[in-house]
Structure formats: structure tokens, C-alpha cells
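A quick write-up on the structure given underneath.
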Amino acid sequence: MLDVKKWERIQRMANELTRQLQLRELEILIELDRVCKEENLTYFLEGGTLLGALRHGGFIPWDDDIDVLMPREDYNRLIDVFREGKLKGYHLQCIETDPGYWNFFAKLRKNGTTFITKEERYVKSHQGVFIDIFPMEGIEREHAEGIRKCDFWQPLLRSVLLRRVHMTVQGGSGKKEIVLKMLKGLLAPFSNTALQHFGTRFLKSKPKQAADAYYRAPITRGDKEMNRVWPFEKVYPAETLKFEDHDFPVFHDYRWYLEQLYGNTYMELPPEEDRVTHEPWKIEL
Numbered sequence: 016m017l018d019v020k021k022w023e024r025i026q027r028m029a030n031e032l033t034r035q036l037q038l039r040e041l042e043i044l045i046e047l048d049r050v051c052k053e054e055n056l057t058y059f060l061e062g063g064t065l066l067g068a069l070r071h072g073g074f075i076p077w078d079d080d081i082d083v084l085m086p087r088e089d090y091n092r093l094i095d096v097f098r099e100g101k102l103k104g105y106h107l108q109c110i111e112t113d114p115g116y117w118n119f120f121a122k123l124r125k126n127g128t129t130f131i132t133k134e135e136r137y138v139k140s141h142q143g144v145f146i147d148i149f150p151m152e153g154i155e156r157e158h159a160e161g162i163r164k165c166d167f168w169q170p171l172l173r174s175v176l177l178r179r180v181h182m183t184v185q186g187g188s189g190k191k192e193i194v195l196k197m198l199k200g201l202l203a204p205f206s207n208t209a210l211q212h213f214g215t216r217f218l219k220s221k222p223k224q225a226a227d228a229y230y231r232a233p234i235t236r237g238d239k240e241m242n243r244v245w246p247f248e249k250v251y252p253a254e255t256l257k258f259e260d261h262d263f264p265v266f267h268d269y270r271w272y273l274e275q276l277y278g279n280t281y282m283e284l285p286p287e288e289d290r291v292t293h294e295p296w297k298i299e300l
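Note that this note's numbering has the sequence shown beginning at 16, numbered continuously upward.
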């Protein structure tokens, strides 16, 4: 039987490591904020990061990642900023900078660090501590025909890309697994870059003056159930919230956004069994 004091010590060490990881990610967010201010780029805290800012004044205690949103034109400009050498000490990982990358969004990683989850232990690309940067597409709400196709293709293609880099994909079984294996074979001649461009071609981002809402494509099939169309009047003008004693931009109606994402009980703490983090394989901070 496990000694209670030993278990408490293990838990304390795990909590301390999570906190160290959070603070390293905060450094990355502060650097992103600096560059965005210098280059006049727009971004917003999103998801659990925004919820943490409002409910906890910083990280949700058990959360171990940071998520932000960027309009597509600013996202593309950030890639140029990285290529111009203005993000020293960091690696902006996306399909444009890393042909072996498997996601439809970017990760800003800190050089000289390591954060590898169990399912990513066989991946050979940059595995530094990171924050996620999700592009938002400018759309006209009345003419968003591409959304349904993106909702179908992006999660499917991402599963194929994950298998290419030998990552463990949860929930792959039965007919879905058979389809994915067939797709992997059929798509073998195509590069990761070609597949990613195919996954986004259904929805051409419109410049702000021609759009009235933002849309974020789903990352997983479960993500499709969320409302990911945000009218400009809910987004602008941006507000700011404190996150770990720093001011960061958020949607104008951030409470509406959180209710769309989590329901009207978002300020309540979830049950302890739902307070989960990523399963680390290797961490070097």
C-alpha cells in the first residue's frame, strides 16, 4: 500500500513542476505580446487561458497550456516576423516553417526547452515548451458555405497527419480506423503541406473590411460541437484582463464567448476527476 506521506510528496512535486511549466509558458506569451505590439498584430486569449484569467486571475491551477487566437492576416504576418528574425530564442512551428508539422495551427516554442507528451514521444520535430496560436478566418456569416467542409476535412486530415509522425491517436477504432488507414494509403503521395492546404482551401479568409465574423476550424471532431463563429461585435473593441499580473487582450464580450464554449456554469469549478493535464513524457525547463 502506498504511504500517504509519500503520495502527498509526489503530488506536491507534480504541482511544483506544473507551476514551473506554466511560468515558462507565461514567458512565451509575454514575448508574443511584445512582438504583437511592435508589429501592430491582433491576438486574443482563448479557451481555458481566458477562463483562467477571469476565474483565477491567471492559469487554471491544473492547466498546463496557453491558447491564443489571431486573425488570419495577423497570423500570416507573424510567420513573416519569425522569418525576419524578430523572435530570437523562439521557434514558430507551423506548416510554413516546418514541413513535418501535423497541425492546422501554430505553436510558438522556446528554444532550449523540452516538453514531450507520451503520444508525441516519436515525433522528430522541435519539441520545446510552447503556446498554441489558432488562426481565425474572416467570414461573411451569410456566405459561410466552406465551414461545413472544413468541419469535416480538417479533423480527418489531422488524424492522417498524426499517424504519419507516429503519434498515438485516441479513439481510433472500428469503421473510423479503417477509413483513416485507407486515407493514409491514398494520401501517401501528397506532402504534409499539400494536405494542410487542402484542409483549408474550402474557406478563404476575407479581409476585415469584407467580413463580419471570425471562424476557427475544429481541431478535433469533438471540437465541432462548439460554437466557433464569433460576430465582430462580440470581438471588437478588444478588452483586457489580468493574467498572472499582466494585461492581455480578450474579446469585447468575453463572457458571451465563455458561455458559448463552456455553458452558463463556466465560473464553477469542475469535479476533481475532470481536472486533467497533459501526460508528460519528458520535460526540460
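Built from N, CA and C at the ideal position, the CB exists for glycine as well.
query, result
"Can the beta-carbon of Ile154 be found less than 9 Å from the beta-carbon of Asp227?", "yes"
"Going by the beta-carbon positions, is the gap between Asp78 and Gln37 smaller than 9 Å?", "yes"
"Hey, His267 and Tyr281 are a contact pair by Cβ (cut 8 Å); roughly how many whole angstroms apart?", "Not really, about 17 Å apart at Cβ, beyond 8 Å."
"Mind checking whether Asp48 and Phe263 have CB atoms under 9 Å apart?", "yes"
"Kindly indicate which residue of Asp147, Trp271, Arg243 and Lys133 has the alpha-carbon position closest to the one of Lys125.", "Asp147"
"Could you tell me the alpha carbon to alpha carbon distance between Tyr277 and Leu60, rounded to whole angstroms?", "15 Å"
"Here's the rule: buried if 16 or more other CB atoms are within 10 angstroms of the residue's CB, otherwise exposed. What is Lys52?", "exposed"
"Using 8 Å for Cβ pairs, my map puts Leu107 next to Ile94. What's the rounded Cβ distance?", "6 Å"
"Taking the DSSP output, what are the residues bridged to Gln108?", "Lys122"
"CA-CA distance, Gly115 and Tyr137?", "13 Å"
"So is Arg98 buried or exposed if we call it buried at 16+ other beta carbons inside 10 Å?", "exposed"
"Give the C-beta separation of Val50 and Leu102 to the nearest angstrom, bearing in mind that I take them to be a contact with Cβ-Cβ under 8 Å.", "6 Å"
"How about Arg39 and Thr128: do their beta carbons lie closer than 9 Å?", "yes"
"Can you give, in chain order, each stretch of the beta strand (DSSP E) that sits fully within the stretch 238–296 and has at least 3 residues?", "244–246, 254–258 and 261–265"
"Between Pro222 and Glu254, what straight-line distance do the alpha-carbon atoms span, to the nearest angstrom?", "22 Å"
"If you draw a straight line from the alpha carbon of Asn91 to that of Met151, how long is it in whole angstroms?", "11 Å"
"Out of Leu69, Asp260 and Phe74, point me to the one whose CA is closest to Arg34's CA.", "Phe74"
"Considering only the alpha carbon of each residue, which of Glu31, Ala29, Tyr105 and Asn55 lies closest to Glu42?", "Tyr105"
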